[in-house]
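First up is the structure itself, then whatever we jot down about it.
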Amino acid sequence: MKKSIVAAAVIAATGFSTAAAAEVFAEDAVIAVSGDEQTTQETSSTPFINDNEKAQTAEQDLSALPSEGSQVLDVVSTNSGPAEDQTITDLPSGNNKNETNLKDENEENKSEGSDQTDEVKENENVLLKNEESNLDDKTSIITELVVTETPKVQLNGWSSDKLSYFENGQALIGVKTVDGKLYNFGLDGKIIYGQNKVGEEAGRELWVCADKQTGVLFTGLTHLKKEYNPQGEKTVYYDKNGYMHFGQLTLDNKNYFFDQKTGAMAVNKIVAVTDDKSYYYGKDGTMQYGQHQVNNDWYCFDNQTGVMKTGIVNLDKSYQPDDPKVVYYNTSKSGKTPYGAMVYGMANVGKDLYYFKDGSGKMLTNGIAEVTVDGTKGKIYLGSDGKAITGEKETGPNQWRYFDKTTHLMVAGFKDLDKIKDKTDQNKTVYYDTKTGIMAYGQRQIGNDWYCFERGSGKMITGFFYLDKNYQPDDPKLVYYSPKQENRGAMLYGLQEINGKKYYLMPGSGTKAVNKLVDVTGGKIYLDGNGVMVTGEKETGPNQWRFFDYNTGLMKTGFHDLKKTADKTDRDKTVYYDTKTGIMAYGQRQIGNDWYCFERGSGRMITGFFYLDKNYQPDDPKLVYYSPKQENRGAMLYGLQEINGKKYYLMPGSGTKAVNKLVDVTGGKIYLDGNGVMVTGEKETGPNQWRFFDYNTGLMKTGFHDLKKTADKTDRDKTVYYDTKTGIMVYGQRQIGNDWYCFERGSGRMITGKFYLDKNYQPNDPKWVYYETTGKPGSGLGKMLYGEIERDSKVFYAAPGSGKLKNKYARVEKDGFAVYNQNGDRAVNTQFEYQGGWYFMDRNGQVAKNKLVKLTKDLEPQGEKTVYYGSDGKMVYGTRKIDNNWKYFHPGSGAMAVNEFVNIKKAYNSIHNEDQNYVFDKNGNLVYQAEYEINGSKFKIDPATGKAKQISTRPSWCKIVNGQVIFDPPGYPTLYAGANTKLGKLLLSASEHWGAQFSSGGRDNDKYLDCIGFVMRTFNKAFDLHMNAANVHEFVTQKGYAYMLPSVSSLVPGDLVVYCGTWTPVTTRFTHSSIYVGNGMIMYMAQGGCQIGSMYDIAYHYGGPAPRYPMRLPV
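Residues -22 to -1, 1 to 1093 in mature numbering (1 follows the signal peptide of the UniProt record, and there is no 0) are what the sequence shown spells out, letter by letter.
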């Protein structure tokens, strides 16, 4: 087999490049691909690829390279945070050489001479073995490969896979420029993509980065995403040779910094380039100048060099245009405050202490700052140079402060100043205000004590000192300041022993008390004109005598026995010193709960009876009694007291002896006569006010009491009642407990039996009642009875609640019903109620049964009516067939329906057992006539059943229900009246022409009417009259149809109310008429049609209420 054919097949099957193929077939060799046979032949000198092919291949390779400008770089984000430093590790390298590396080594070995022949052959054998393994699967049809040595092929351009570039047959290695673009070729001659360390130079690593699509190396500012830098995104700079830059760099007159390890551009970051120089790079990575806030701290960078400033810095207008200031930037690289950051608050700079204001950092000068030194809070003072001062300092006009020489803190409180060379007056104690630190002058309260410091020097004062107007402008005074060490300088108060004498210094002010009574522990003391405490008896004011203990000086109070002395012969007496003032008491005095009296002038305590005249009791002189007994000696007595064998009553509160008076005592009341002596027995204590007092106790009797005859009281055999509150004998009616009684006027005698309570006893409702005749007082006798009463063969019935005896009372007896009148005797010819039913007792004393009875007005005050009493004698309600005629008796009243259209409810309808309408004639019989008329209303009736329907023109709002007319025109109040009453008939009549229009002169039709036409037509139709008049005046005066009533109060429904147009006598022309419907209301015709309104509101013709005249039309 020819080797050219075999080579072509191998190239086709393996995809070898022509260069690789050229080297494989450089020497004669025969390789058995299958079997054990090996054959050696000469190689052909014909090259594999001619020049034309070579040119075409190079052209194809170049066309596959990335086009110019195809590299796309990310824009560096100006908003991102500072990039973290990332260390790029070297790419991993294998131990096995790839084919490209072997080829390169062969070329080098060949060029170095024959010494490398063995190595070349070894490499070629490796290549052949690799080719064999590749050909196993792809060229199983090849049975033999013959390789012979041929001349070396010179190849330029890109390999067919576009991964290598050849010059003079050699693949490029390392960073090379190809067609004006930089590439990084590996040792195998192939392009390396992404980041790669390519070497070191001057001790620094050389890093490049190739586009992962084109393989072209990045240059300039480049933002690497994670696909290039897995440790994190960063912005770097590659120089023109493609190498990553580290450290400072100036681009377009802007300074940047790239991390010395990672090459990452510094963003929003302070970078210490050297130990003493730091710079700040902003969000775009450029070096910044002036003031900047970084991570909540302020820094300053030189406007020219950008170097970060430290220490005390004067920020002039070039840095702080609006408010130049001196600040301090931290010089320490340890501690909480970052190096170079602006410092606030207290700061030690060298040996000096400064203070920089919070917020602005401005150095404080000539001012006070609050600080904490070694855990102690306090204040320091900063001088004009900003340094904290020590020692004494006048910080303002006459404002002296003192600052600790060690801590610089302002001293507050007491301080002993010792003499120094320039301060000879400083051997003194002074006080610095705890808030301001300023030395105090004059009076000053410190804690709970007052002190005084000499004006001018501030020296603390001790001992007696007069606070003149320089110290106490409003109230100069002499006070005392303690000289004792434990409270030195504090103003003293209260009782103080000074130089062997006792003085009192007023609490609060400290003023020495003079001629003054003061409170001390245990009581009061008195200070004389020199302020010295006194003892013994002392007139401390005009007629104000007090007594002070000889040992303690305390003022005596209360009762005190004064004994005679050589100079006080009138002193054998008991006196009283006021418990508050200590002054001896005169006249009346309440002591504790008791009243006493002390003789005026001497103060001697009085006992026994004593008349308090106007000298003692100006407004109400009285006779009182003061106890002579030792246990309550001198105390005024009250209440019931036995004095010299007689009982008196001394009024509580006043002590006055009660005379002609009823008073309360334990157990009840007693009465004192004109001499004040307690009385017993019966006594008229006031006009017609009789009371009774127990013979033993004198207590007033109350309640029921039996008075017996005596020689001087022959009318006293009677039972009386004394009021339980007043004790006065009772007259007339009286409720006692739950019962009512009556006592005869004049005598008070208790009444029993039947009694007529006339207007003297029952002004509003005289009545017959019955008082119990049996029992005992308080146990029934005399109480008003209710219900059925049977006494002495008489029967009464007293109404529950009122006790009023009924005119008629019925009950069932052995011979039947019995009815009793108010006198307790049997009654006849009367209607009566029994157990919820109504009955009738005829003239023979028999109960009416199965009988129609006409009840006249004397038996039925509400009006005559016909009722029916059934077989049991009870009044019947609803339908009932009597003498083969159905009748209807209204529920409630029992009145028989006469000339009525009635709606009978099912419960009362035994005719058809349903709710139904019927008509009953003037005899009360059910009507079966096909058509029937009642008072102008027409009805249609079923002759077979008697069921009726109303067919007249009367409006639906006017109807008769259960014998009652319901008149309910739209827009007006509803009127009610019995169908057979005068008003009821007028309402039924008026309803039929209610819709008429007003027309002057309208008389004889239902469509057009005037006021008198309405009145006449209503009455004519209702009562079948034939009145006719031209006008109201003629109707009243000439025709004389109506007559005048005494007054408006005489009006009843159905009367007339006639009006006159002016306020003139009745002879004046009448101009308006109406029908009275009750409750001050009238119905009438006016301009608006038929109306209902108040008879007081009519304004007719003359713009105001016209005179009203009540009249009646007899029908």
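Glycine is no exception: its CB is placed at the ideal position from the N, C-alpha and C atoms.
Report the three-state DSSP secondary structure of residue 892 (helix, strand or coil). Here residue 892 refers to the residue found at position 914 of the sequence shown. Secondary structure at residue 892: coil, using DSSP grouped into helix, strand and coil.
Taking residue 802 as the reference, which of 505, 945, 732 and 757 has the closest Cα? By one-based count along the sequence shown, residue 802 stands at place 824. Among 505, 945, 732 and 757, the Cα nearest to that of residue 802 is on 732.
How would you write the range of the beta strand (DSSP E) that residue 200 sits in, first residue to last? As a working mapping, residue 200 is identified with position 222 in the sequence shown. Residue 200 -> beta strand (DSSP E) spans 198 to 202.
C-beta contact flag for residue 807 and residue 863 at 8 Å: In the sequence shown, residue 807 corresponds to position 829, counting from 1. In the sequence shown, residue 863 corresponds to position 885, counting from 1. No.
What did DSSP end up calling residue 1011 once you bin it into helix, strand or coil? In the sequence shown, counting from the first residue as 1, residue 1011 sits at position 1033. The answer is helix: DSSP assigns residue 1011 an H, G or I state.
Residue closest to residue 394, alpha-carbon to alpha-carbon, out of 384, 574 and 370: Within the sequence shown, numbered from 1, the residue matching residue 394 stands at position 416. Nearest option by C-alpha distance: 370.
Would you check if there are 3 or more beta carbon pairs closer than 8 Å linking the segment 910 to 923 to the segment 945 to 955? No, the segment 910 to 923 does not touch the segment 945 to 955.
Return the first residue and the last residue of the beta strand (DSSP E) that residue 1104 is part of. Outside the displayed span of the chain (-22 to 1093) sits residue 1104, for which this structure offers no information.
Have a look at 635, 659 and 616 and flag the residue whose alpha-carbon is nearest the alpha-carbon of residue 644. Position 666 of the sequence shown holds residue 644. For the residues 635, 659 and 616, the minimum Cα distance to residue 644 belongs to 616.
Residue closest to residue 311, alpha-carbon to alpha-carbon, out of 254, 302, 1052 and 927: Your numbering for residue 311 matches position 333 in the sequence shown. Measuring from the Cα of residue 311, the nearest candidate turns out to be 254.
Look at the alpha carbon of residue 1093 and the alpha carbon of residue 939, and state the distance between them as a whole number of angstroms. As a first step, residue 1093 is located in the sequence shown; it is residue number 1115 there, counting from the start. As a first step, residue 939 is located in the sequence shown; it is residue number 961 there, counting from the start. About 24 Å.
Given the structure, does residue 811 come close to the ligand FAD, in the sense that its CB is under 7 Å from one of the ligand's heavy atoms? Summarising the ligand content, the structure contains no ligands, and the ligand FAD is consequently not present.
Start-end ranges of the beta strand (DSSP E) lying completely within the segment 356 to 392, minimum 3 residues: Within the segment 356 to 392, the complete beta strand (DSSP E) segments of 3 residues or longer fall at 369 to 374 and 377 to 381, listed in chain order.
Whose CA, out of 199, 204, 170 and 201, lies closest to the CA of residue 188? Translated into the one-based positions of the sequence shown, residue 188 becomes position 210. The residue with the shortest Cα to Cα distance from residue 188 is 170.
Report yes if the C-beta distance between residue 717 and residue 761 is below 8 Å; otherwise report no. On the sequence shown, residue 717 is found 739 positions in, with the first residue counted as 1. On the sequence shown, residue 761 is found 783 positions in, with the first residue counted as 1. Between residue 717 and residue 761, the C-beta gap is smaller than 8 Å, which places the two residues in contact.
Within the same chain, show all residues whose beta-carbon is closer than 8 Å to that of residue 492, passing over the 5 residues directly before and after it, in chain order. To locate residue 492, count along the sequence shown from 1; it is residue 514. When the five nearest sequence neighbours on each side are left out, the beta carbons in the same chain lying within less than 8 Å of the beta carbon of residue 492 are those of 505, 506, 507, 508 and 509, in order along the chain.
For my contact list, residue 320 and residue 277 are in at a C-beta cut-off of 8 Å; report their separation, rounded to the angstrom. Numbered from 1 along the sequence shown, position 342 holds the residue referred to as residue 320. Numbered from 1 along the sequence shown, position 299 holds the residue referred to as residue 277. The beta-carbon distance between residue 320 and residue 277, rounded to whole angstroms, is 7 Å. This is short enough to meet the 8 Å contact definition.
Can you tell me whether residue 969 is buried or exposed, with buried defined as 16 or more other CB within 10 angstroms of its CB? As a working note, residue 969 is residue 991 in the sequence shown. That one is buried.
Bridge-paired residues (DSSP) for residue 1102: The displayed coordinates of the chain run from -22 to 1093. Any statement about residue 1102 would go beyond what the structure contains.
When you compare only the Cα positions, how much space is there between residue 317 and residue 288? Reading the sequence shown from its first residue, position 339 is the one you call residue 317. Reading the sequence shown from its first residue, position 310 is the one you call residue 288. Roughly 8 Å between the two C-alpha positions.
Find the nearest neighbour of residue 823 within the set 382, 1072, 630 and 804, judged by alpha-carbon distance. Residue numbering aside, residue 823 sits at position 845 when the sequence shown is read from its first letter. Ranked by Cα distance from residue 823, the options 382, 1072, 630 and 804 are led by 804.
Cα-Cα separation, residue 37 to residue 192: The residue you call residue 37 lines up with position 59 of the sequence shown. The residue you call residue 192 lines up with position 214 of the sequence shown. In this prediction, residue 37 has a pLDDT of 35, which is less than 50 and means its spatial position is unreliable; nothing more can be read from the coordinates.
Indicate whether residue 133 and residue 144 have their beta-carbon atoms separated by less than 8 Å. Your numbering for residue 133 matches position 155 in the sequence shown. Your numbering for residue 144 matches position 166 in the sequence shown. Yes. Within cutoff.
For residue 148, the nearest candidate out of 722, 158, 166 and 852 (CA to CA): Residue 148 sits at position 170 when you count from the first residue of the sequence shown. Residue 166 is the option with its Cα nearest to residue 148.
Length of the line joining the Cα atoms of residue 1088 and residue 927: By one-based count along the sequence shown, residue 1088 stands at place 1110. By one-based count along the sequence shown, residue 927 stands at place 949. Cα to Cα, the separation comes out at about 39 Å.
May I have a chain-ordered list of the beta strand (DSSP E) segments no shorter than 3 residues that lie completely inside the segment 593 to 655? The segment 593 to 655 contains these whole beta strand (DSSP E) runs: 600 to 604, 617 to 621, 624 to 628, 639 to 643 and 646 to 650.
Straight-line Cα distance separating residue 1032 from residue 1090: Translated into positions along the sequence shown, residue 1090 becomes position 1112. Translated into positions along the sequence shown, residue 1032 becomes position 1054. Residue 1090 and residue 1032: Cα-Cα distance of roughly 8 Å.
By how many angstroms is the C-alpha of residue 961 removed from the C-alpha of residue 1036? Taking the sequence shown and counting its residues from 1, the one referred to as residue 1036 is at position 1058. Taking the sequence shown and counting its residues from 1, the one referred to as residue 961 is at position 983. The straight-line gap from Cα to Cα measures roughly 17 Å.
Going by DSSP in three states, residue 800 sits in which element: helix, strand or coil? As a first step, residue 800 must be located in the sequence shown, where it is residue number 822. For residue 800, the three-state secondary structure derived from DSSP is coil.
Under the DSSP definition of a beta bridge, which residues are partnered with residue 435? On the sequence shown, residue 435 is found 457 positions in, with the first residue counted as 1. Note: residue 435 sits in no beta bridge, so no partner.
With distance defined between alpha-carbon atoms, name the residue in 578, 568 and 600 nearest to residue 521. For this step, residue 521 is matched to residue 543 along the sequence shown. Among 578, 568 and 600, the Cα nearest to that of residue 521 is on 578.
Please determine, among 225, 306, 854 and 787, the residue with the shortest C-alpha to C-alpha distance to residue 328. Counting from one through the sequence shown, the residue named residue 328 turns up at place 350. Cα-wise, what sits closest to residue 328 is 306.
Take the Cβ of residue 671 as the centre, count every other Cβ of all protein chains shown within 10 Å, and call the residue buried at 16 or more, exposed below. Residue numbering aside, residue 671 sits at position 693 when the sequence shown is read from its first letter. Residue 671 sits buried, since 16 or more C-beta atoms from the chains shown fall within 10 Å of its C-beta.
Taking only three categories from DSSP, how would you classify residue 426? In the sequence shown, the residue the question calls residue 426 occupies position 448. Of the three classes helix, strand and coil, the one that applies to residue 426 here is coil, per DSSP.
What residues in its chain sit with their C-beta under 7 Å from that of residue 513, if we drop five residues either side in the sequence? Locating residue 513 in the sequence shown gives position 535, where the first residue counts as 1. Closer than 7 Å at the Cβ level, and outside the excluded window around residue 513, lie 526, 527, 528 and 531.
Nearest to residue 660 by alpha carbon, out of 677, 285 and 653? Position 682 of the sequence shown holds residue 660. When each option's Cα is compared against that of residue 660, the closest is 677.
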